[in-house]
Amino acid sequence: MLEGKAVVEDTDMPAKMQAQAMSAASRALDRFDVLDCRSIASHIKKEFDAIHGPGWQCVVGSGFGCYITHSKGSFIYFRLESLRFLVFKGAAA
Amino acid sequence: MREQQDSGDVTGRRGGVIRSLLGVERRLAEGDADAEGALGASSEKQHLAADSGEERKAVVRVVAADMPPALQRRAFRCARDELAAMPHFPRRLEPKRLALALKKEFDTAYGPAWHCIVGTSFGSYVTHARGGFLYFSVDKVYILLFRTAVEPSNH
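Taken in order, these protein sequences are the chains called P and V. Position 16 of the first sequence, counted from 1, bears residue number 16 in UniProt numbering, the numbering being contiguous throughout. Position 61 of the second sequence, counted from 1, bears residue number 61 in UniProt numbering, the numbering being contiguous throughout.
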């Protein structure tokens, strides 16, 4: 499978963490079909929970809008192939 | 694109930042979305008054829920009202606007932090607070509304 390059649309996240999100997405696309958005989201969320602690959320799709509250330094929205990816950690006071 | 908005209903400074996103809208023949936490499902039909005075039926279908019925009904009403206020001819979905309306209403009524995703094609995997998860559709628009627990920072 020819890997496309991920494009960051918006982020509030350290560069290293951004790279982790995009590589997790790439690995998920290698493993799951592009139409299986839920499995892709699951893969990414679980990886982030494992590396950076619990409370991460992931949304994957080709047509969605959203309004969220995230913790500081833990948000990225990027596109890869035909999909958009939103990864964030729910707000913690 | 970066949008931020102050939460007037929360005193003091929070660690969270409110942010909205709008993916490129792609109209599909059929919505292809699912979410974690599938439970029972139910259907209901409601009349939806349009600006032109015509009566339309907006079909509300619960795909999955872990939420008290009263909160669910509030979400349905809010979603239907917002959809009714959007352009009808040609019909155009404004997912960010709908997501914002729902999140704001629930943050205000039930406290932070709620998150809302609206669209025709998406999948998600989330961890939500108990009693704070609802995944439903109004006509062909899918709406995921969930709450995350606001916990004290470890610092």
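Glycine included, each C-beta is placed from N, C-alpha and C at the ideal position.
Give the straight-line distance between the Cα atoms of P:C58 and P:D49, rounded to the nearest whole angstrom.
11 Å
P:Q18 at chain V interface by Cβ criterion, 9 Å
no
Assigned secondary structure, V:A38 (DSSP; H/G/I helix, E/B strand, else coil)
Low local confidence applies: a pLDDT of 34 at V:A38 is under 50, so the model's placement there is unreliable, and no value is given.
What residues match up with V:L145 in a beta bridge as DSSP calls it?
V:C116 and V:L134
In terms of alpha-carbon separation, which member of V:V60, V:F146, V:A99 and V:L98 lies closest to V:G111?
V:F146
Are the stretch 135-145 of chain V and the stretch 66-83 of chain V touching, with three or more C-beta to C-beta distances below 8 Å?
yes
Per the DSSP calculation, V:C78 is bridged to which residue(s)?
V:C78 pairs with nothing; no bridge assigned.
Where does V:V126 land, buried or exposed, given buried means 16+ other C-beta within 10 angstroms?
buried
Count the other C-beta atoms from every protein chain shown that fall within 10 angstroms of the C-beta of V:S42, then say buried if there are 16 or more, exposed otherwise.
Because V:S42 sits at a pLDDT of 33, beneath the cut-off of 50, its placement in the model cannot be relied upon, and the following sentence gives the value as read from the coordinates. It is exposed - the Cβ of V:S42 has fewer than 16 other Cβ atoms within 10 Å.
P:G73 versus V:K140: straight-line alpha-carbon distance, rounded:
34 Å
Shortest alpha-carbon distance to V:M67 belongs to which of V:W114, V:F122, V:P90 and V:R80?
V:W114
In or out: P:I51 buried (at least 16 other Cβ within 10 Å) or exposed?
exposed
Candidates P:I40, P:S71 and P:S62, of which the one nearest P:G53 by Cα
P:S71
Find out if the Cβ-Cβ distance for the pair P:A6, P:A28 is shorter than 9 Å.
no
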